[in-house]
Structures are given as structure tokens and as C-alpha cells.
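2 protein chains.
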Amino acid sequence: MNKQIILKNRPEGLPDENTWELQNKAIPEPKEGEVLIQHHYISLDPAMRGWMREGKSYIEPVELDDVMRAGSIGKVVTSNNHPKFKEGDFLTGWGGVQQYVVTNGENWYPVDPSLAPLPMYIGTLGMPGMTAYFGILEVGKIKEGDTVLVSGAAGAVGSIVGQIAKIKGCRVIGIAGGAEKCKYIKEVLGFDGAIDYKSEEIYDAIKRECPKGIDVYFDNVGGEILDAALSRLRMHARIVICGAISQYNNMNDVKGPKNYLSLLVNRATMQGMVVMDYAKDYGKAAKEMGGWLAQGKLKSKEDVYQGIENFHDTFLRLFSGDKMGKLVLKVIEE
Amino acid sequence: MNKQIILKNRPEGLPDENTWELQNKAIPEPKEGEVLIQHHYISLDPAMRGWMREGKSYIEPVELDDVMRAGSIGKVVTSNNHPKFKEGDFLTGWGGVQQYVVTNGENWYPVDPSLAPLPMYIGTLGMPGMTAYFGILEVGKIKEGDTVLVSGAAGAVGSIVGQIAKIKGCRVIGIAGGAEKCKYIKEVLGFDGAIDYKSEEIYDAIKRECPKGIDVYFDNVGGEILDAALSRLRMHARIVICGAISQYNNMNDVKGPKNYLSLLVNRATMQGMVVMDYAKDYGKAAKEMGGWLAQGKLKSKEDVYQGIENFHDTFLRLFSGDKMGKLVLKVIEE
Chain A
1 MNKQIILKNR PEGLPDENTW ELQNKAIPEP KEGEVLIQHH YISLDPAMRG
51 WMREGKSYIE PVELDDVMRA GSIGKVVTSN NHPKFKEGDF LTGWGGVQQY
101 VVTNGENWYP VDPSLAPLPM YIGTLGMPGM TAYFGILEVG KIKEGDTVLV
151 SGAAGAVGSI VGQIAKIKGC RVIGIAGGAE KCKYIKEVLG FDGAIDYKSE
201 EIYDAIKREC PKGIDVYFDN VGGEILDAAL SRLRMHARIV ICGAISQYNN
251 MNDVKGPKNY LSLLVNRATM QGMVVMDYAK DYGKAAKEMG GWLAQGKLKS
301 KEDVYQGIEN FHDTFLRLFS GDKMGKLVLK VIEE
Chain B
1 MNKQIILKNR PEGLPDENTW ELQNKAIPEP KEGEVLIQHH YISLDPAMRG
51 WMREGKSYIE PVELDDVMRA GSIGKVVTSN NHPKFKEGDF LTGWGGVQQY
101 VVTNGENWYP VDPSLAPLPM YIGTLGMPGM TAYFGILEVG KIKEGDTVLV
151 SGAAGAVGSI VGQIAKIKGC RVIGIAGGAE KCKYIKEVLG FDGAIDYKSE
201 EIYDAIKREC PKGIDVYFDN VGGEILDAAL SRLRMHARIV ICGAISQYNN
251 MNDVKGPKNY LSLLVNRATM QGMVVMDYAK DYGKAAKEMG GWLAQGKLKS
301 KEDVYQGIEN FHDTFLRLFS GDKMGKLVLK VIEE
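If you're matching them up, the sequences are chains A and B in order.
Counted from 1, the first sequence has number 282 at position 282 by the UniProt record's numbering; the numbering is strictly sequential.
Counted from 1, the second sequence has number 317 at position 317 by the UniProt record's numbering; the numbering is strictly sequential.
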């Protein structure tokens with residue numbers, strides 16, 4: 001059978017037990033020119049909360065009663081004369097939260113499981129890694145010597161943002177929740193400083209860690225942390241708006257950055273980004289990131305949970321922060 | 001005597017009668033190499049409210065008991081062997097709200113009263129005009145065919161922003177307060193549309209006037225109008241943060257733009273600007289603006305009030321909106 005997570009209700013705040021339904025469907029059969037993929041891993045990302053919301057955004061919302069959208073990676077178990085993909089190939093794409101998917105292969109990309117662990121292809125070598133790469137380089141426009149502040153710094157995107165900034169010669173401060181994550185980003189990832197937003201007063205801590213101010217702030221969280229970062233900008237600073245996880249469960253009453261006039265005082269720029277815009281350059285980025293991984297300059301951490309039945313509980317870890325690195329759900333049963 | 005307006009107290013909200021004091025001082029005497037200037041006109045600008053506030057900004061605050069800072073224009077009445085300026089020269093600079101000023105001439109620029117009325121040199125050919133020019137061209141990066149929305153559209157900056165955008169082939173919508181100003185920007189300045197924020201629901205009105213969305217929003221006001229503009233951005237839109245007059249009297253509780261995540265959805269940019277950064281190009285801009293004025297492509301309107309005693313009441317017109325075009329105070333007594 002093919003276990004699927006179906007979107008049943010649009011939640012107001014945090015998703016709850018009425019949001020999803022686990023369904024058992026027959027495993028679909030590929031038509032001529034299609035493949036059947038058995039998923040090994042599903043990518044769990046904060047952006048998924050946005051796709052559950054009705055209305056215009058950068059991508060169509062997930063419809064009620066549809067399989068929840070998600071990035072995924074799996075193996076071709078049946079190829080019905082597909083022109084490119086054969087049985088045994090590993091592919092990554094938008095397979096959704098389910099154990100099997102049939103596709104004509106459009107927007108699916110082959111990966112080599114001998115070069116990297118499968119979960120890394122939906123993390124550092126997938127959307128989160130691409131988001132970090134293009135966000136900090138193309139939008140943040142970092143230069144050697146810049147002071148770079150990143151929130152969600154132990155997460156799938158933030159951890160890569162900070163490491164790329166280190167590779168490029170920046171001074172990097174990360175904001176994360178809890179002593180363990182703060183220790184990790186400093187001692188394992190090599191950040192120059194860490195701020196524990198759960199135990200520190202954020203304004204004071206940013207002042208302490210960025211005494212000369214911030215050249216680039218990479219924002220994954222929004223809310224008070226964005227406001228605090230705005231209060232310490234240097235001239236011509238750049239703020240990359242990548243996400244706002246603190247606001248995603250309360251989008252009817254988003255906290256606007258009340259310190260936004262710091263943009264004026266400091267001639268600074270706040271710019272939004274969506275990773276899909278850089279799709280034509282994913283290959284180049286993956287190659288460079290792969291090189292850094294091979295040289296040990298870039299470390300990738302995946303936090304893998306088990307079982308599609310645990311999708312809901314695992315998904316909520318994105319918002320509680322109770323995970324380290326890229327959150328991944330293993331859905332293949334062994 | 002030299003009548004001066006002195007900053008006596010830093011107001012919390014709108015300045016009141018305790019904020020300023022009118023003083024009579026002896027007319028100062030220029031030392032060797034200095035000139036004595038008799039002011040004709042003082043420029044009244046929203047930015048002055050910011051300079052009255054303590055603390056770091058893009059310029060030092062006015063100190064208590066000092067003459068209130070302001071742009072000004074006047075005539076040299078005594079030159080004590082100044083190397084460049086002689087009696088009878090007209091100069092513009094930062095003379096403050098007073099009838100006479102002594103200076104060594106640094107940061108004062110000569111103007112020709114036969115080419116334009118004096119008040120225009122502190123308006124369209126002065127700081128407000130330069131702000132409009134560099135803001136819409138260098139920060140807004142307008143292109144032919146763009147839909148440009150500007151707030152404070154009948155004001156010193158906004159009226160020029162909109163007219164430059166028209167010259168560059170944009171579709172221009174202005175937001176102003178009251179039917180008279182709306183009629184003025186459409187019928188006299190040639191804007192394509194007008195929104196009266198005092199009588200219209202701003203979200204609906206922006207939707208009506210910008211059905212395809214906004215490419216560039218030039219913000220002079222902040223607050224709810226900024227939020228409404230954010231809700232209608234087109235892809236890759238640019239927001240120029242020039243000012244936030246709706247917030248200037250309540251800076252301890254600024255309304256942050258809660259729709260700022262529209263920057264992400266639309267890959268848009270919000271950038272602050274301060275006109276002083278473009279000082280080296282003022283000459284080139286003034287020349288181009290002068291050409292447009294001469295050809296009748298650009299219209300300049302100054303709203304001139306009389307008497308330094310009326311400084312306080314006149315200044316408040318910036319916030320009530322009870323003025324049309326550039327607000328100017330004539331301080332020479334005839």
C-alpha cells in the first residue's frame with residue numbers, strides 16, 4: 001500500500017491532529033513513459049506551512065484533500081519505458097508526503113547515492129542548501145571582512161549560510177535556540193559567535209557579538225529578532241528576507257519590523273528571495289558546495305526521523321526548534 | 001536684531017508651544033574671511049522633526065538651546081574679505097531658523113535669482129528636488145512602462161518624484177490628502193491617477209488604481225499606506241524608503257510594515273536613502289531638472305508663509321497636510 005499524508009483542514013495557528021489525515025491507497029501504476037518511485041526520505045521545511053495557506057503566494061497552495069506537498073528522494077522501482085530513468089535510479093523531486101509516487105520525470109533529477117548520503121540531497125545539496133548559497137551570495141552580496149548575522153543558525157539553511165560566509169572570509173554570528181545548538185555552531189561549524197535567543201536578551205546580545213554593527217543579516221525567523229538586527233545595521237547593510245518562521249503560524253497578525261526606518265538611516269536594503277529563481281544555476285552551486293563538502297570546509301547535518309505515521313509530530317519540530325540541522329523523515333519501511 | 005527660533009525642549013509627539021522659543025539676538029559680525037547673510041526664506045521639511053530627536057541618526061541631532069537647523073536662502077549683506085562671496089550674492093545652505101547667519105561659506109552655494117524664484121532653490125532645485133531625483137532614478141530604478149506609486153504626492157518631494165516618473169514614461173499614481181490635492185496632481189502635474197487617503201479606503205483604492213500591481217513605491221509616509229502598497233507589489237518591485245511622516249511624532253511606537261513578507265513572495269527590495277549621499281552629483285541633477293522646468297515638463301509649487309514668529313504654526317502644516325507643494329517660510333521683513 002501507499003501511505004499518504006492528506007491536507008484535510010487549513011489550520012489557523014500551528015497544525016493539529018485535524019490538519020492531516022493518513023490514508024492508505026493502492027500503489028499507483030506507471031503508464032507508458034512514466035516511472036514509479038518508492039520514496040526513501042521526505043524533506044520537512046518551514047515553507048510547507050506557507051503552502052497550506054489559501055491565497056496568492058510565490059507558489060500555488062496545496063488543495064484540501066490533496067497529498068501534502070514536499071520535496072522527496074527515492075528509487076525508481078518500475079520504469080514503464082521511461083526515456084531517461086531506469087529501475088534502480090535514485091531521483092529527487094517534489095513527490096509529496098507519501099511512500100510512492102508516479103511521474104513522467106519532469107522536474108525530477110537523478111542523484112548518485114555513492115557520492116553523498118541520500119538525506120543530504122534534500123538538505124545541503126537540495127533546496128535548503130541552494131537557498132543558503134544564492135541567498136547569502138547573490139542577495140546578501142557578502143564581501144571579505146563583513147560581519148554576517150544569521151538566524152535559524154543551526155537549521156538547514158542557516159547553518160549553510162554561516163559556513164559559506166566563513167569560507168568567504170566574513171565574521172559570522174549565529175542566532176539559535178539553546179546551549180547545545182549554540183555550542184554546535186561555534187565548535188563544529190566554526191562560527192565566530194553565537195546568541196541563544198531562548199536565554200539571552202536579543203538586543204543586548206547582538207550588540208555584544210556585533211560591536212561594530214551588522215553588514216549582512218540573513219533572516220529566517222522575522223519577529224523581534226529581525227527588529228533587533230535592524231537596530232544594529234551598518235551603513236549600506238543588506239538584509240536577506242528568506243523566511244519568517246516566528247510568524248508562519250500567525251499570518252493574520254504578522255509583526256512588522258518596527259525598526260524598518262533603520263533602512264533609511266543606514267541606506268540599507270531589505271530584499272526578499274525565493275530559491276526557485278536560481279534554478280538555472282543549481283548545477284553550478286551544487287558542484288561548488290560538493291567541493292566544499294569534500295574538502296571538509298562545509299559540514300552537513302541531517303536530523304532523520306522515522307515513519308510516515310510520525311509526520312505530524314516531526315513536522316512540529318520545525319516550529320519548536322527541537323531538531324538539529326536539516327529535518328528529514330524516512331518513509332521507507334524496512 | 002536677529003530673530004532666532006531656539007530648540008528648548010524635545011517634544012514627545014507633535015511639537016507644541018514649549019518646544020521652541022523666539023529669541024532676539026544682536027546681528028552677528030563676520031570675522032575676516034566670513035560673510036553675513038540675511039535670510040530671505042527658510043525651508044520647512046519633515047526631516048526636521050527627526051533632527052529634534054536625541055540619539056544616533058544619519059545626522060547629529062539639534063542640541064537644546066541651539067538655533068533650529070533648517071535649509072535656507074539669503075543674500076550676503078556684509079563680506080569681510082571672503083575669497084569667493086561678495087555683497088549682493090545669493091547663497092543657499094544650512095543657515096537655521098533665524099534672520100541672519102555668519103559663515104565662512106563652507107557648504108554654501110551661490111544661486112542666480114534671475115533664473116528661478118528664490119524659494120525654488122530650497123525646493124525643486126534644493127534638497128527636496130534632489131531627494132526626488134536620486135530617490136526615484138537611483139534607488140527606484142524606474143523603467144519605461146513601470147507603474148509607480150508615490151505617497152505625499154502633492155508635497156515637495158512626492159510631486160517631483162511623480163513628474164520625473166512621467167517624464168521617464170511610467171504610469172504614475174499619487175496618494176495625497178484631500179480632493180484639492182488629488183485634482184492638482186492629476187490635472188496640473190499630469191499624474192495618471194490619484195488616491196485621497198483621507199476619504200478612500202487605501203487598500204481598495206490602490207487595487208483600483210494599480211490593477212496590475214506596483215513596480216515602484218516611493219514612500220514618504222510609512223504606516224498603513226506602506227502596508228497597503230506592500231500588499232500590491234509586482235515581481236521584483238522596488239520600495240524607496242524616503243521618509244515616514246505618519247510615524248515621526250510617535251517614534252517610540254513605530255508601526256512596522258506587517259506586510260513586509262510581500263518582499264519575499266515578490267522578490268522585492270525595500271531600500272532606504274538619504275539625499276546627502278548624492279551630493280557630488282547635485283550639479284548634474286540641478287542642470288537636468290532646470291532643463292525640464294524651462295521646457296515646462298516639470299512644475300514646481302512653493303507654498304510660502306510669512307514671518308519667523310509664525311514658524312511653529314507653519315511647521316505643523318507639514319503634519320496636518322494643510323499646505324500644497326514645498327513649505328517655505330519667508331523671514332525677511334519688508
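Here a beta-carbon is modelled for each residue, glycine too, at the ideal position from N, C-alpha and C.
Please read these numbers as outputs of a predicted model, since none were measured by experiment.
Residue i - containing beta strand (DSSP E), residue span
i               : result
E334 of chain A : Segment: none, E334 of chain A is in no beta strand (DSSP E) and carries neither H nor E.
T78 of chain A  : 72-79
R238 of chain B : 233-241
E302 of chain A : 302-306
I175 of chain A : 171-176
E21 of chain A  : 20-25
V148 of chain B : 147-151
A194 of chain B : 193-196
L7 of chain B   : 2-7
V216 of chain A : 214-219
Q271 of chain A : 269-272
Where residue i falls, given that 16 or more other Cβ within 10 Å makes a residue buried
i                      : result
D146 of chain B        : buried
M1 of chain A          : exposed
R171 of chain A        : buried
E334 of chain A        : exposed
A132 of chain B        : buried
N107 of chain A        : exposed
K330 of chain B        : buried
P15 of chain A         : buried
residue 362 of chain B : No answer is possible for residue 362 of chain B: it lies beyond the span of chain B, which begins at 1 and ends at 334.
G129 of chain A        : buried
P30 of chain B         : buried
V188 of chain B        : exposed
I195 of chain A        : buried
Q99 of chain B         : buried
E180 of chain B        : exposed
A119 of chain A        : Strictly speaking, residue 119 of chain A in this sequence is Pro, with Ala absent from that position. Flag for P119 of chain A reads buried.
Q295 of chain A        : exposed
A237 of chain B        : buried
K323 of chain A        : buried
I59 of chain B         : exposed
8 Å contact criterion, which residue i and residue j should meet: CB distance rounded
i                      : j               : result
A268 of chain B        : I239 of chain B : 7 Å
G13 of chain B         : N250 of chain B : 6 Å
residue 335 of chain B : C210 of chain B : Outside the displayed span of chain B (1 to 334) sits residue 335 of chain B, for which this structure offers no information.
M10 of chain B         : M68 of chain B  : A small fix is needed here, since residue 10 of chain B is Arg in this sequence, not Met. Incorrect: roughly 12 Å between the Cβ atoms, too far for contact.
K168 of chain A        : I142 of chain A : 5 Å
K75 of chain B         : Q23 of chain B  : No, K75 of chain B and Q23 of chain B are not in contact; Cβ-Cβ is about 22 Å, not under 8 Å.
I332 of chain B        : I5 of chain B   : Not quite, the Cβ-Cβ distance comes to about 15 Å (not below 8 Å), so this is no contact.
L327 of chain A        : D303 of chain A : 5 Å
T92 of chain A         : S72 of chain A  : 7 Å
M235 of chain A        : N266 of chain A : 5 Å
G158 of chain A        : G174 of chain A : 7 Å
Delimiting residues of the alpha helix (DSSP H) encompassing residue i
i               : result
L293 of chain A : 282-294
D313 of chain A : 311-320
G162 of chain B : 158-167
G223 of chain B : 223-230
Y203 of chain B : 202-209
L264 of chain B : 262-265
K181 of chain A : 179-183
Which residues, taken in chain order from the stretch 129-144 of chain B, show a beta carbon closer than 7 Å to some beta carbon of chain A?
none
Can you pull out the residues from the stretch 44-65 of chain B whose beta carbon lies closer than 7 Å to at least one beta carbon of chain A?
Taking 7 Å as the cut-off between beta carbons, the residues of the stretch 44-65 of chain B near chain A are S57, Y58, in sequence order.
In chain order, which beta strand (DSSP E) runs of at least 3 residues are fully inside the stretch 44-126 of chain B?
72-79, 90-93, 100-103, 109-111
Along the stretch 252-277 of chain B, what residues have a CB closer than 9 Å to any CB found in chain A?
D253, V254, K255, G256, P257, K258, N259, Y260, L261, S262, L263, L264, V265, N266, R267, A268, T269, M270, Q271, G272, M273, V274, D277
Please list, in chain order, the residues of the stretch 231-252 of chain B that have any C-beta partner in chain A closer than 7 Å.
I241, A244
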